[in-house]
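Line order of the protein sequences matches chains A and B. Using our numbering, the first residue of the first sequence is number 556, and each one after it goes up by one. Using our numbering, the first residue of the second sequence is number 123, and each one after it goes up by one. Ideal placement from N, C-alpha and C gives every residue a C-beta, glycine not left out. One structure is given here, and the rest of the page talks about it.
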Amino acid sequence: MYRWFDERLSLSRFNKKFLNKAFAVHHSYFIGEIALFAFITLVITGIFLTFNYEPSIRTVKVAGKAVSAAYASVLYIDSLPFGRVLRSVHHWSASIMIAAAFIHLLRVLVSGAYKRPREINWFIGLLLLVVAIVTSFTGYSLPFDAFSATATSIGYGIGTSIPYVGEWISQIIFGGEFPTLHSIPRVYALHVLWFPLILMAILGMHMLVMVKQKHTQPNYARKVAPGRILGVPLMPQQAYMSTVLFLLYLAVVFFIAGAYIAHPIEVYGPPTASTPAVKPDWYLIWVYGILQIIPGDLKIPLPFGAVMNSEFIGSILVPGILGLAAVLLPFLDTRSTKMRYMELPTKHPVRTGVTFALLAFLITTTLAGWKQELGLSAGQLWFIILGSSLLTYLVVYYAIIFFWGRPSKEDAGAV
Amino acid sequence: MSKKTDTTRRAIVGATIGVGLGIGTLSLLAPVASLRPKKETSPETEPPKEGDVFTFAIGDNAGKEITFDDLPLEGPAVLAYPKDPKTGVIKSGEKNNLVLLLKLKPEELGEEVKKYAAAGTVCYSAICTHLGCTVGEWDAAKKDFLCPCHKGLFDPRKGAEVIAGPPPRPLPALPISAAGDKPVVAGGFTSPPGVLSGTDTHGGSCTV
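Written out as structure tokens, the structure is:
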């Protein structure tokens, strides 16, 4: 049988080249894989959800109560055997995918792996993270409960704040002034078809580029076999490790999702004219925090009567500047030689310090999401955010210098 | 083949492709424009107009007409939709028609606010000018409107001006008058209700 296929498709040539491909081994290299496993889980649980979900907000009667068809179908999903758990796994996997992708990004950042020749994969990875967050946000509205309708209408408002084209973009994405009868079908199509297709395409590119350019090597490889690619073959060792990790991932996520059911829609109920006090999922709370403490009268005028208002600045411009800084990074932080081995964070105190400062910024702006509960003013929170970011940078920078010494010139490269 | 004809051939191929792509892109503008849904209007989506009464928007009394006695003094405010008394249509089809009715002590109202108020009762758009949430909460200690989403505070005694939080402008007021025991609409919103974005947000409830 194998020979029959081999004669026609030259499988052995492919096997020799591809299945023997050496995969570098380091514990931090599995984080990106976890993001991939989460994506696969999202697709599989998503298929189950699409088979039972009804993308419409036309009113139907459930037990004598008028609710939207979308809401009713989610109640139906929850009533199926294991349905509630599968929906919860879908929600949890979205969180895990974004978390894993972000930690993967931090790993690449502190080990300098974005440098020549891997800039392209750094850009693709950034795009992946952004599209993953946008995709999960489009999933918010689908159960159409009070929480999801509120969160999505805030997203609609943020979209319209884009100067010149905001109104158009928001209305095209959300099917008019959210919520209309067109909203859910449209967001549904984006969530289950277009964004997953885009994600698959850029995920495939991310991995093809990685295979083509070869992974960075862990530092032990320099000692074991200097100048050569060190790793285990894709088949069977790497595939075996990945399979075990995937099964482990499934076991853990099913346990968490079963024990902590995500987004129980009965708690929020169908949307009403009133708005519940909601916070977005954890990965957007930092934006939510910034939106609460940014002065409302802050605006940057643009030509032709348009302005960048505080909503745009807080929720699009600030994250956009962080993204732009990430895009520029491989051009600013370069090295003369081709990157082969991971760089040590302790030999790059500036970069490591900035990474920790970024984390401090994200954590403290997330904290600002609890502004009312904390009873702090916007000014105090800004002081905490900027102060702790700066302090974190200085502490990390001097701690590295103190414990590991000043990096030598050849170690440091640029920073 | 001479070099000259070769470059001419390239130029022609290039121009053909360029013109084709250009016209193709231009012809896409119409379908892209129709991606934006049509705004469907019905009696339910019409803005409030003079003479409209108010009905409860939520709760057990939803749909019932509101009298001054239904409004608790000094809050919390009541969420309401306008209703055309002639046709009996409740205008709940448009989000920006949702308003807050609040009864206050008449002596506490600012001079500007008194023009829009009737019997100490004020009426404001309930849609937050920040990102379009319903300003449905009542800060009982400060006696201010509170938006639950990003904690914007509005002072109903001073034209719903922003006391704290991120909203860019006050909530537009809806002038009301008294018709018997009921508050009725006495004119349109003093400024556009809801989220005004991407354009300059000048004006507020006190400027018109």
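Next on the checklist: Do valine 629 of chain A and threonine 698 of chain A have their beta-carbon atoms positioned less than 7 Å apart in this structure?
Outcome noted: The residue labelled residue 698 of chain A in the question sits at position 143 within the first sequence. The residue labelled residue 629 of chain A in the question sits at position 74 within the first sequence. In the sequence on display, residue 698 of chain A carries proline and not threonine. Closer than 7 Å, so yes.
Next on the checklist: Can you look up valine 306 of chain B in the DSSP assignment and give me helix, strand or coil?
Outcome noted: Walking along the second sequence from the start, residue 306 of chain B turns up at place 184. Valine 306 of chain B falls in the strand class under three-state DSSP.
Item to check | Proximity winner among B:Pro315, B:Pro305, B:Phe311, relative to phenylalanine 176 of chain B (alpha-carbon distances) | outcome: Within the second sequence, residue 176 of chain B is the residue found at index 54, counting from 1. Ranking the options by Cα distance to phenylalanine 176 of chain B, first place goes to B:Pro305.
Checklist entry - Taking Cβ positions only, does alanine 832 of chain A come closer than 7 Å to chain B? => result Taking the first residue of the first sequence as position 1, residue 832 of chain A is located at position 277. Alanine 832 of chain A counts as touching chain B.
Checklist entry - At least one CB of chain A closer than 7 Å to the CB of glycine 197 of chain B: is that the case? => result Within the second sequence, numbered from 1, the residue matching residue 197 of chain B stands at position 75. Chain A contact via Cβ: absent.
Checklist entry - What is the DSSP secondary structure of phenylalanine 750 of chain A, counted as helix, strand or coil? => result Here the question's residue 750 of chain A lines up with position 195 in the first sequence. Of the three classes helix, strand and coil, the one that applies to phenylalanine 750 of chain A here is helix, per DSSP.
Checklist entry - If we call anything under 7 Å between Cβ atoms a contact, is glycine 921 of chain A one with serine 943 of chain A? => result As a first step, residue 921 of chain A must be located in the first sequence, where it is residue number 366. As a first step, residue 943 of chain A must be located in the first sequence, where it is residue number 388. Here the sequence assigns threonine to residue 921 of chain A, which means glycine is not the residue at that position. For threonine 921 of chain A and serine 943 of chain A, no; Cβs fall outside 7 Å.
Checklist entry - Quick one: what's tyrosine 203 of chain B bridged to in DSSP? => result As a first step, residue 203 of chain B is located in the second sequence; it is residue number 81 there, counting from the start. The partner list for tyrosine 203 of chain B (beta bridge, DSSP) reads B:Thr177.
Checklist entry - From which residue to which residue does the beta strand (DSSP E) around valine 244 of chain B run? => result Working through the second sequence from its first residue, we reach residue 244 of chain B at position 122. Segment 243-247, the beta strand (DSSP E) holding valine 244 of chain B.
Checklist entry - Taking the alpha carbon of phenylalanine 592 of chain A as the point to measure from, which residue in A:Ile651, A:Thr735, A:Trp925, A:Gly730 has its own alpha carbon closest? => result For the purposes of this step, residue 592 of chain A is taken as the residue at position 37 of the first sequence. The shortest C-alpha separation from phenylalanine 592 of chain A is found at A:Ile651.
Checklist entry - Name the DSSP beta bridge partners of isoleucine 212 of chain B, please? => result Within the second sequence, the letter at position 90 stands for residue 212 of chain B. DSSP links isoleucine 212 of chain B through a beta bridge to B:Lys205.
Checklist entry - Near serine 738 of chain A, what residues of its chain come up, given a Cβ to Cβ distance below 6 Å and the 5 sequence neighbours on each side ignored? => result In the first sequence, counting from the first residue as 1, residue 738 of chain A sits at position 183. Only Phe729, Gly730 meet the Cβ criterion.
Item to check | Integer-rounded CB distance, given that isoleucine 709 of chain A should sit under 8 Å from leucine 220 of chain B | outcome: Start at 1 with the first residue of the second sequence, and residue 220 of chain B comes out as number 98. Start at 1 with the first residue of the first sequence, and residue 709 of chain A comes out as number 154. The pair is not a contact, with the Cβ atoms about 16 Å apart (cut-off 8 Å).
Checklist entry - Is there a Cβ from chain B that is less than 7 Å from the Cβ of serine 696 of chain A? => result Your numbering for residue 696 of chain A matches position 141 in the first sequence. No, serine 696 of chain A lies away from the interface with chain B (no Cβ there is under 7 Å from its Cβ).
Next on the checklist: By alpha-carbon positions, which one of B:Gly287, B:Lys208, B:Pro270, B:Gly281 ends up nearest to proline 294 of chain B?
Outcome noted: Taking the first residue of the second sequence as 1, we reach residue 294 of chain B at position 172. Nearest neighbour of proline 294 of chain B by Cα position, chosen from B:Gly287, B:Lys208, B:Pro270, B:Gly281, turns out to be B:Gly281.
Next on the checklist: If contact is defined by three or more beta carbon pairs under 8 Å, each pair taking one atom from either stretch, is the stretch 285-302 of chain B in contact with the stretch 841-859 of chain A?
Outcome noted: yes
Checklist entry - What is the C-beta distance between histidine 770 of chain A and phenylalanine 594 of chain A, in whole angstroms, given that I count them as a contact (C-beta under 8 Å)? => result Taking the first sequence and counting its residues from 1, one reaches residue 770 of chain A at position 215. Taking the first sequence and counting its residues from 1, one reaches residue 594 of chain A at position 39. At roughly 19 Å, the Cβ-Cβ gap does not stay under 8 Å, so histidine 770 of chain A and phenylalanine 594 of chain A are not in contact.
Checklist entry - Do you know offhand how far aspartate 191 of chain B's Cα is from glycine 712 of chain A's? => result Walking along the second sequence from the start, residue 191 of chain B turns up at place 69. Walking along the first sequence from the start, residue 712 of chain A turns up at place 157. Here the alpha carbons of glycine 712 of chain A and aspartate 191 of chain B stand approximately 36 Å from one another.
Next on the checklist: In the DSSP output, which residue or residues are listed as bridge partners for proline 788 of chain A?
Outcome noted: On the first sequence, residue 788 of chain A is found 233 positions in, with the first residue counted as 1. Beta-bridge pairing links proline 788 of chain A to A:Ala577.
Checklist entry - Who are glutamine 768 of chain A's beta bridge partners in DSSP? => result As a first step, residue 768 of chain A is located in the first sequence; it is residue number 213 there, counting from the start. For glutamine 768 of chain A, no pairing in a beta bridge is given by DSSP.
Checklist entry - Using 7 Å as the limit for Cβ to Cβ distance, is histidine 971 of chain A near chain B? => result Only positions 556 to 970 of chain A appear in this structure, which leaves residue 971 of chain A out of reach.
Next on the checklist: Within 10 Å of its beta-carbon, does histidine 582 of chain A have 16 or more other beta-carbons around it, so buried, or fewer, so exposed?
Outcome noted: The residue given as residue 582 of chain A occupies position 27 in the first sequence. Counting Cβ neighbours within 10 Å, histidine 582 of chain A comes out exposed, since fewer than 16 surround it.
Checklist entry - Along chain A, in chain order, which residues have C-beta atoms closer than 9 Å to that of isoleucine 285 of chain B? => result As a first step, residue 285 of chain B is located in the second sequence; it is residue number 163 there, counting from the start. Per Cβ cutoff of 9 Å: no residues; isoleucine 285 of chain B is ~11 Å from chain A at best.
Next on the checklist: Could you compute how far the alpha carbon of leucine 945 of chain A sits from the alpha carbon of threonine 312 of chain B?
Outcome noted: Along the first sequence, read from residue 1 onward, the residue named residue 945 of chain A stands at position 390. Along the second sequence, read from residue 1 onward, the residue named residue 312 of chain B stands at position 190. Taking the straight line joining both Cα atoms gives about 45 Å.
Item to check | Proximity test, Cβ basis, 7 Å: threonine 827 of chain A and chain B | outcome: The count along the first sequence starts at 1 and reaches residue 827 of chain A at position 272. So, interface residue.
Checklist entry - Does the separation of the CB atoms of aspartate 757 of chain A and isoleucine 658 of chain A fall below 7 Å? => result Taking the first sequence and counting its residues from 1, one reaches residue 757 of chain A at position 202. Taking the first sequence and counting its residues from 1, one reaches residue 658 of chain A at position 103. The sequence as given places isoleucine at residue 757 of chain A; aspartate does not occur at that position. Not in contact: isoleucine 757 of chain A and isoleucine 658 of chain A (Cβ atoms no closer than 7 Å).
Next on the checklist: Determine whether the beta carbon atoms of aspartate 174 of chain B and proline 204 of chain B lie at a separation below 7 Å.
Outcome noted: Position 52 of the second sequence, counted from the first residue, corresponds to residue 174 of chain B. Position 82 of the second sequence, counted from the first residue, corresponds to residue 204 of chain B. Yes, Cβ-Cβ distance for aspartate 174 of chain B and proline 204 of chain B is below 7 Å.
Next on the checklist: Can you pull the chain B neighbours of lysine 976 of chain A, defined as C-beta to C-beta under 7 Å?
Outcome noted: Given a span of 556 to 970 for chain A in the structure shown, any question on residue 976 of chain A remains unanswerable.
Checklist entry - How should lysine 670 of chain A be labelled, buried or exposed, when 16 other C-beta atoms within 10 angstroms of its C-beta is the threshold for buried? => result In the first sequence, residue 670 of chain A corresponds to position 115, counting from 1. By the neighbour-count rule (16 or more Cβ atoms within 10 Å), lysine 670 of chain A is buried.
Checklist entry - Quick one: what's got a C-beta closer than 6 Å to glutamate 187 of chain B's C-beta in the same chain, skipping five residues either side? => result Here residue 187 of chain B refers to the residue found at position 65 when the second sequence is read from its first residue. The answer, listed in chain order, is Val175, Thr177.
Checklist entry - Exposed or buried, phenylalanine 637 of chain A, counting other C-beta atoms within 10 Å across all chains shown (16 or more means buried)? => result Stepping through the first sequence from its first residue, residue 637 of chain A is reached at position 82. Counting Cβ neighbours within 10 Å, phenylalanine 637 of chain A comes out exposed, since fewer than 16 surround it.
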